[in-house]
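Quick mapping for you: the protein sequence lines, in order, are chains A and B.
With the first letter of the first sequence counted as 1, position 225 gets the number 225 in the working numbering; the numbers rise by one all the way through.
To get the working numbering, take the position in the second sequence, counting from 1, and add 418.
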Amino acid sequence: MTSSDKRKGPSPTRRDVLTIGAAGGVLLAAPWIARPALAQEGPIKIGFPVPLTGPYGSEAQEQARCAQIAVDEFNAAGGLGGRMAELLVRDDKLKSGEAATRTLELIEKDGADFICGSLSASVQLAVNTVCAERGKIYNSISQSDAINEAGNFTKYTFHEALNPHMTAGAVGHHVFPDSGKRVAFLIADYAYGHEMARGFKVAGADYGIEVVAEVTHPLASKDFSTFLPQIQAANPDVLCLCNFGFDQLNSLKQATSFGMKNQMKMIAPALLYNQRRAGGADIYSGVVGGTNYYWKLEDEIASAKAFNDSYRAQNDGAPPSDYGAYGYAGVGVLLDAVKSAGSTDTDAVIGALETLKYDKYKGQQYYRSCDHQSVQSVFIIESKDEADMENEYDVFRVLATASADEGALRSCAELGHG
Amino acid sequence: MRVTSTKSSPNLFNRLAEIIGRYRVLAVLVVLLIFPFVLPYQALAANILIYGLFALGFNLVFGYAGVLSFGHAAFFGIGAYGTGIAIVHFAAPWYLAIPLGVVAAGVTAMIMGALAIRTRGIYFAMVTLALAQCVYYIVYQLDGWSGGEDGLTGVTVRQVDLGLMHFSLFNPTAKYFFILAFVAVAIYVFSRILASPFGAVLEAIRENEDRARACGFDVRLTKWIAFVISGLFCGLAGALYAIHLSVVPIEVLHYHMSGQVVMMALLGGMGTFFGPFIGATVFLLLEDVVTTLTSHWQLVLGLVFMACVLFFPRGIWGSILRWIRP
């Protein structure tokens with residue numbers, strides 16, 4: 001600044017401009033210059049973008065906790081020849097644009113080796129595009145039919161979660177044979193709702209169901225009083241609730257108060273553990289649905305017991321939820337594949353994932369080779385009455401298990417895989 | 419440094435402000451050139467560029483013409499979808515896809531402007547909001563073209579070939595400078611528009627609409643043209659957004675987006691040249707940093723925004739300008 005001390009001219013001189021510019025430049029560039037060079041052989045990094053804030057926040061927090069358990073187990077077992085794993089959780093705010101930005105951050109800045117996560121159909125498609133372009137493996141842990149279709153699928157795409165076709169199909173095959181044939185649909189007007197309804201209809205075709213009403217409602221409706229009477233008027237035997245989260249809770253609550261449970265059987269494709277606990281026994285009592293996991297499976301499945309015990313040890317004895325388990329399995333299977341491949345090289349890990357038979361928490365699973373959908377069992381559950389519950393976590397009764405079978409999926413040809 | 423500034427503080431700051439004011443385009447560009455090396459990561463820097471341009475375009479209507487539009491998400495979104503659809507469905511190269519998105523946004527602005535410009539004040543805000551929601555639902559329903567709820571995926575531009583120059587857009591720094599090239603031209607054009615007689619008429623309308631009319635200016639036409647120009651800038655921002663993220667989510671058309679750009683312009687300082695960029699920078703940087711610290715990021719952002727509205731009603735840059743030029 002000495003130069004400007006000496007000279008106090010009335011108007012800015014070129015030297016002033018240069019001095020100020022240079023000083024500003026150095027100041028701004030300092031943090032960049034000081035940034036330490038990245039180590040070549042750092043930890044194995046798994047990026048985990050999930051909607052920590054927003055309507056699915058509690059579900060996402062739980063997914064992150066469960067994913068961390070998978071990482072801790074991998075590290076406790078010595079990692080990959082001493083190379084440890086690290087979980088990088090990012091908030092995608094349940095928005096595709098934010099998720100894409102966060103995924104770019106994870107890949108470009110943090111140098112993530114793999115990406116796993118997201119909790120909505122549209123967000124996972126955005127993350128999938130970004131990962132596929134940059135040749136990173138992405139393991140999706142929320143429901144979607146579209147992600148396995150030829151238009152979106154790439155060799156980097158893996159889908160650990162159930163998809164609507166499997167879930168609704170399993171529930172439909174369980175319910176439709178013994179119920180009346182008149183079926184009504186309440187559909188949340190977005191991809192998930194329509195995919196679920198399609199899954200029910202495909203399953204129902206085998207039993208000759210008759211669709212008597214098909215009512216769509218906007219996403220995140222508060223008031224269902226205009227939709228439910230249309231369904232009551234059609235007088236169905238079964239009502240399929242093809243909606244999710246609070247939509248499911250609110251529509252069930254109002255249907256119960258309308259006395260619809262006495263008139264028809266209620267089925268929900270994905271019956272969620274956390275939603276049921278938030279809603280209470282009365283609203284959900286008697287509702288039948290499907291799930292990827294319920295903690296009581298530990299009575300029969302050893303891996304479920306092991307997973308529950310690790311989770312309980314960290315969470316005051318509370319068992320994990322169904323979506324939480326996806327987080328555990330999604331990250332866990334990636335690390336299993338790293339171990340079996342003996343490296344983090346993308347193609348080697350893809351090869352390992354394609355051949356892996358794994359049992360992380362619910363029995364045997366594997367990825368189908370044409371579309372990388374995880375072939376796994378679907379559990380049919382019914383919500384218990386208050387009186388039948390042994391404790392606050394004992395909310396469902398497992399009625400049946402649709403075992404892991406490729407026949408439950410749409411065929412590779414149907415999905416457009418040549 | 420401190421000694422110097424107390425001795426000649428008004429002088430030095432005044433001179434600094436004068437330099438920046440005179441070479442405003444250059445000043446923005448200098449800052450933007452070193453930007454990607456200062457910010458936490460390049461994808462965020464590119465987002466700031468894009469949102470800054472969006473806010474800049476919005477500011478033409480809001481800050482200079484003095485009408486509050488709540489429908490600018492429509493132009494940003496149509497720009498993004500126009501470019502995205504050209505690339506995904508017609509395999510158009512980027513140099514055709516981007517102008518296409520901009521023109522599509524301009525046409526949307528012409529139609530929306532023609533319908534809305536006769537109203538004023540809160541009615542104008544409401545009409546633009548309603549029209550933008552119409553655009554949202556039209557795009558939402560055309561899921562064969564737009565992907566509907568799932569958004570448009572696969573807007574991939576891998577390689578840019580400019581005669582002698584070849585670079586991959588998967589290199590984050592190269593992508594930043596690719597986007598910056600467009601933003602730089604846009605800023606220059608914007609600066610020229612403001613400096614033109616047209617820009618002066620806009621400010622005259624903002625200050626006193628009746629007087630501007632009495633002076634013989636066609637107020638309605640001027641506002642409409644400003645609205646369309648603003649739509650073009652926002653459309654360019656949208657087009658760059660599509661290429662930056664390689665997806666176009668339906669949320670770009672949501673009214674939340676329109677609200678966000680109002681916040682950015684207010685935060686930075688409406689009616690100032692640098693305000694929108696500063697607003698976008700502060701908003702996105704704060705959101706990014708706070709999100710990694712706490713899941714209650716909305717609370718922190720809300721408090722900051724409230725503090726700005728209460729104590730710095732002129733926005734960050736507006737307050738600085740007032741402070742250095744009492």
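Each residue gets a CB set at the ideal place from its N, CA and C atoms; glycine is no exception.
Rounded C-alpha distance that separates residue i from residue j
i                           : j                        : result
threonine 537 (chain B)     : lysine 95 (chain A)      : 33 Å
aspartate 561 (chain B)     : tyrosine 190 (chain A)   : 11 Å
valine 506 (chain B)        : glutamine 577 (chain B)  : 15 Å
valine 378 (chain A)        : valine 338 (chain A)     : 27 Å
proline 36 (chain A)        : threonine 591 (chain B)  : Caution is warranted here: a pLDDT of 44 is assigned to proline 36 (chain A), below 50, making its placement in the model unreliable, and the coordinate value is therefore given only provisionally. In a straight line, the C-alpha of proline 36 (chain A) is about 18 Å away from that of threonine 591 (chain B).
valine 202 (chain A)        : valine 331 (chain A)     : 32 Å
leucine 80 (chain A)        : alanine 112 (chain A)    : 16 Å
tryptophan 32 (chain A)     : glutamine 364 (chain A)  : For tryptophan 32 (chain A), the predicted model reports a pLDDT of 48, less than 50, meaning its position is unreliable and no value from the coordinates is stated.
isoleucine 357 (chain A)    : serine 374 (chain A)     : Going by the sequence as given, residue 357 (chain A) is lysine instead of isoleucine. One C-alpha to the other measures close to 10 Å.
leucine 739 (chain B)       : alanine 435 (chain B)    : 8 Å
alanine 318 (chain A)       : serine 58 (chain A)      : 14 Å
glycine 480 (chain A)       : valine 212 (chain A)     : Shown here, chain A extends from 1 to 418; a query on residue 480 (chain A) therefore has no answer.
leucine 533 (chain B)       : glutamate 621 (chain B)  : 22 Å
alanine 492 (chain B)       : leucine 334 (chain A)    : 40 Å
serine 340 (chain A)        : leucine 671 (chain B)    : 45 Å
methionine 1 (chain A)      : tyrosine 673 (chain B)   : Caution applies to methionine 1 (chain A), whose pLDDT of 41 falls short of 50 and renders its modelled position unreliable; the value that the coordinates give is listed next. Taking the straight line from one Cα to the other gives about 48 Å.
alanine 329 (chain A)       : glycine 519 (chain B)    : 42 Å
asparagine 432 (chain B)    : lysine 593 (chain B)     : 36 Å
phenylalanine 158 (chain A) : proline 511 (chain B)    : 30 Å
threonine 424 (chain B)     : isoleucine 742 (chain B) : With a pLDDT of only 45 at threonine 424 (chain B), under 50, the local geometry of the prediction cannot be trusted, and the value read off the model is given with reservation. Distance between the alpha carbons of threonine 424 (chain B) and isoleucine 742 (chain B) is about 13 Å.
Top-ranked residue by Cα proximity to residue i, from the options
i                        : options                                : result
tyrosine 156 (chain A)   : A:Pro319, A:Leu186, A:Ile115           : A:Ile115
aspartate 431 (chain A)  : A:Ala132, A:Ser122, A:Pro229, A:Glu160 : In the structure as shown, chain A begins at 1 and stops at 418. Residue 431 (chain A) is therefore absent and cannot be evaluated.
asparagine 292 (chain A) : A:Leu125, A:Lys265, A:Ala168, A:Phe185 : A:Ala168
glycine 497 (chain B)    : B:Ala515, B:Val485, B:Ser487, B:Leu486 : B:Ala515
glycine 82 (chain A)     : A:Thr103, A:Gly342, A:Glu108           : A:Gly342
leucine 399 (chain A)    : A:Arg134, A:Arg410, A:Ile380, A:Tyr367 : A:Ile380
valine 666 (chain B)     : B:Leu684, B:Met544, B:Ile503           : B:Ile503
isoleucine 267 (chain A) : A:Glu300, A:Ala402, A:Ala255, A:Val287 : A:Val287
leucine 478 (chain B)    : B:Leu704, B:Gln716, B:Thr712, B:Met688 : B:Met688
methionine 750 (chain B) : B:Gly697, B:Leu547, B:Thr574           : What is shown of chain B runs 419 to 744, which leaves residue 750 (chain B) out entirely.
methionine 389 (chain A) : A:Arg198, A:Gln230, A:Arg276           : A:Arg276
leucine 239 (chain A)    : A:Lys136, A:Ser257, A:Lys261           : A:Lys261
proline 84 (chain A)     : A:Glu73, A:Asp91, A:Asp92              : Position check: residue 84 (chain A) holds methionine in this sequence, whereas proline was assumed. Ranking the options by Cα distance to methionine 84 (chain A), first place goes to A:Glu73.
glutamine 254 (chain A)  : A:Tyr393, A:Pro269, A:Ala325, A:Phe227 : A:Phe227
First and last residue of the uninterrupted beta strand (DSSP E) at residue i
i                        : result
threonine 401 (chain A)  : 396–402
tyrosine 367 (chain A)   : 365–367
asparagine 139 (chain A) : 137–140
proline 269 (chain A)    : 265–270
glutamate 160 (chain A)  : First-last for glutamate 160 (chain A): undefined, no H or E at that position.
lysine 45 (chain A)      : 44–50
serine 383 (chain A)     : 378–383
glutamine 577 (chain B)  : 577–580
threonine 216 (chain A)  : 210–217
glutamate 86 (chain A)   : 85–91
First through last residue of the alpha helix (DSSP H) which encompasses residue i
i                       : result
proline 164 (chain A)   : 164–175
serine 676 (chain B)    : 673–686
glutamate 300 (chain A) : It is not in any alpha helix (DSSP H) - glutamate 300 (chain A) carries neither H nor E in the DSSP assignment.
histidine 662 (chain B) : 637–663
cysteine 240 (chain A)  : Looking at the DSSP string, cysteine 240 (chain A) is not in any alpha helix (DSSP H); the run it does join, the beta strand (DSSP E), is 238–242.
glycine 502 (chain B)   : 491–508
Any non-hydrogen atom of the ligand ZN within 7 Å of residue i CB
i                       : result
threonine 501 (chain B) : Among the components modelled here there is no ligand, and therefore nothing to report on the ligand ZN.
Supposed close pair residue i, residue j - CB separation, criterion 8 Å
i                           : j                       : result
leucine 162 (chain A)       : cysteine 242 (chain A)  : Leucine 162 (chain A) to cysteine 242 (chain A), Cβ: 15 Å. No contact.
phenylalanine 396 (chain A) : glutamate 386 (chain A) : About 13 Å; that fails the 8 Å criterion.
isoleucine 734 (chain B)    : leucine 704 (chain B)   : Going by Cβ atoms, the distance from isoleucine 734 (chain B) to leucine 704 (chain B) rounds to 12 Å, so no, they are not a contact pair.
tyrosine 138 (chain A)      : valine 123 (chain A)    : Wrong, their Cβ atoms sit about 12 Å apart, outside the cutoff.
glycine 199 (chain A)       : histidine 165 (chain A) : 4 Å
Residues within the region 561–576 of chain B neighbouring chain A, beta-carbon criterion of under 7 Å: Residues Glu567, Asp568, Gly569, Thr571, Gly572, Thr574.
Quick one: which residues of the region 97–120 of chain A get their C-beta closer than 7 Å to a C-beta of chain B? List them in chain order. Contact residues of the region 97–120 of chain A toward chain B are Gly97, Ala100, Thr101, Leu104, Glu105, Glu108, Lys109 (C-beta to C-beta distance below 7 Å).
Which residues, taken in chain order from the region 643–669 of chain B, show a beta carbon closer than 9 Å to some beta carbon of chain A? Per Cβ criterion, the list reads Tyr659, His662, Leu663, Ser664, Val665, Val666, Pro667, Ile668, Glu669.
Positions along the region 139–160 of chain A whose CB lies within less than 9 Å of some CB in chain B: Of all residues in the region 139–160 of chain A, Ser144, Ala146, Gly151, Asn152 have a Cβ within less than 9 Å of some Cβ in chain B.
Taking Cβ-Cβ distances below 9 Å as the criterion, which residues of the region 71–94 of chain A are in contact with chain B? Cβ contacts with chain B come from Arg90, Asp91, Lys93.
Taking Cβ-Cβ distances below 9 Å as the criterion, which residues of the region 712–728 of chain B are in contact with chain A? Listed by position, the residues of the region 712–728 of chain B near chain A (Cβ gap below 9 Å) are Ser713, His714, Trp715, Gln716.
Anything in the region 458–470 of chain B with a Cβ closer than 9 Å to a Cβ of chain A? List those residues in chain order, please. Of all residues in the region 458–470 of chain B, those with a C-beta nearer than 9 Å to a C-beta of chain A are Pro458, Tyr459, Gln460, Ala461, Leu462, Ala464, Asn465, reading in chain order.
Going along the chain, which residues of the region 580–601 of chain B sit with their C-beta nearer than 8 Å to a C-beta in chain A? Answer set for the region 580–601 of chain B: Phe588, Pro590.
Residues in the region 47–63 of chain A with C-beta within 9 Å of chain B's C-beta atoms, listed in sequence order? So the list reads Leu52, Thr53, Gly57, Gln61, given in the order they occur along the chain.
Can you pull out the residues from the region 120–135 of chain A whose beta carbon lies closer than 7 Å to at least one beta carbon of chain B? The region 120–135 of chain A vs chain B, Cβ under 7 Å: Ala121, Ser122, Leu125, Ala126, Thr129, Val130, Glu133, Arg134.
Check distances from the C-beta atoms of the region 684–712 of chain B to those of chain A and list, in chain order, the residues that come in under 7 Å. Correct list: Thr709.
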